[in-house]
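Novice:
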Amino acid sequence: MVAMTGWRMHEQEWRKGPWTPMEDNLLIEYVRMHGEGRWSSVANSSGLKRSGKSCRLRWVNYLRPGLKKGQLTPQEKGIIIELHALLGNKWSTIARYLPGRTDNEIKNYWRTNFKKKGTPSQNQEKKKHKVAFRHNQQQQQQQQTMNNNYVLPHVEENNQRMIFESPEAKIEETTVSEQGYNQTVMAQDVASWWDTVSEDGLWSGFFWNQDNEKYPNEFRIEQSFSF
DNA sequence: AACAAGTCCAACCGCATCAGA
DNA sequence: ATCTGATGCGGTTGGACTTGT
């Protein structure tokens with residue numbers, strides 16, 4: 001209740017609905033000048049008639065430099081599935097391990113593909129490609145107007161291996177044997193997806209080790225990609 | 001060609017938590 | 001210790017778009 005007071009103060013005045021390119025530019029300019037954060041002052045400083053909450057969401061989910069658009073890769077899907085099996089609906093936490101992807105995107109992916117029965121049909125996959133293509137075109141136009149000075153956090157590339165690090169979970173590189181992977185943690189509706197991805201050869205391994213005596217609440221992952 | 005149904009995703013909402021006064 | 005505003009998160013919705021009939 002209390003938490004909403006600030007947001008609702010000028011609720012009648014806030015614009016809602018889809019963002020226009022002009023609004024996007026105003027927000028980009030604001031962030032460029034003031035940095036991320038202090039969203040509640042965006043309206044005053046930039047002239048945007050959007051709530052701070054709306055501005056933050058727009059920035060985080062759409063305007064933020066480094067965002068990937070388009071279809072999730074099999075690797076990314078695998079990470080989502082693994083982490084969801086481990087963490088549940090902690091979309092923002094899962095998103096931290098997928099640089100350039102947003103919690104909203106991951107949430108949408110999960111709901112679309114696994115919240116209901118069955119796996120996506122081939123037609124659905126075709127549709128996804130079309131949508132992804134549309135987004136890529138839009139994003140490329142968007143990116144051209146922006147000065148990308150940001151560095152993706154917590155990810156390094158090291159001899160064809162992505163090392164995931166989390167400030168919260170202290171995830172670090174490790175060497176876990178394939179036998180250590182426990183497929184039973186996967187939901188049943190995910191199993192068919194696993195078969196598909198394994199067959200196409202793009203997925204080369206993603207192993208978990210929860211036998212961590214020292215830090216029982218932590219987990220370690222090894223992710224190998226074929227670039 | 002027209003309509004219905006399904007899919008996707010941007011954006012909103014409400015609540016929880018954090019931080020500063 | 002309490003209050004208040006700011007921020008973050010997860011759930012939900014609306015509408016554009018695609019596909020099927």
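All residue numbers for the first sequence refer to full-length UniProt numbering, where the first residue is 1 and numbers rise by one. Even glycine gets a Cβ: it sits at the ideal position worked out from N, Cα and C.
Starting from residue 314, trace the alpha helix (DSSP H) in both directions and tell me its first and last residue.
Specialist: As displayed, the chain neither begins before 1 nor continues past 227, which places residue 314 out of reach and without an answer.
Novice: Quick one, are the C-beta atoms of residue 265 and SER45 less than 8 angstroms apart?
Specialist: No answer is possible for residue 265: the residues shown for the chain start at 1 and end at 227.
Novice: How should SER92 be labelled, buried or exposed, when 16 other C-beta atoms within 10 angstroms of its C-beta is the threshold for buried?
Specialist: Exposed, because fewer than 16 other Cβ atoms sit within 10 Å of the Cβ of SER92.
Novice: Under the three-state reduction of DSSP, which class applies to TRP19: helix, strand or coil?
Specialist: Coil.
Novice: Would you grab the beta carbon distance between ASP24 and LEU63 for me? Rounded to a whole angstrom, and I think it's under 8 angstroms.
Specialist: 6 angstroms between Cβ atoms; contact.
Novice: Would you grab the beta carbon distance between GLU76 and ARG101 for me? Rounded to a whole angstrom, and I think it's under 8 angstroms.
Specialist: Going by Cβ atoms, the distance from GLU76 to ARG101 rounds to 7 angstroms, so yes, they are a contact pair.
Novice: Ordered along the chain, which non-local residues of its own chain (more than five positions away) have a Cβ less than 8 angstroms from that of VAL42?
Specialist: Correct list, in chain order: LEU27, TYR30, LEU48, ARG50, GLY52 and CYS55.
Novice: Which of the three DSSP states is assigned to ARG96 in this structure?
Specialist: Looking at ARG96 - three-state DSSP - the assignment turns out to be coil, as it is neither helix nor strand.
Novice: Would you call HIS84 buried or exposed, if buried means 16 or more other Cβ atoms sit within 10 Å of its Cβ?
Specialist: Classification of HIS84: buried, given that the 10 Å Cβ count is 16 or more.
Novice: Could you tell me the boundaries of the alpha helix (DSSP H) in which THR112 lies?
Specialist: It spans 103-113 - the alpha helix (DSSP H) in which THR112 sits, taken as one unbroken run.
Novice: Rounding to the nearest angstrom, what Cα-Cα distance links HIS34 and TYR97 in this structure?
Specialist: Cα to Cα, HIS34 sits roughly 27 angstroms from TYR97.
Novice: Quick check on TRP14: does DSSP put it in helix, strand or coil?
Specialist: Three-state result, TRP14: coil.
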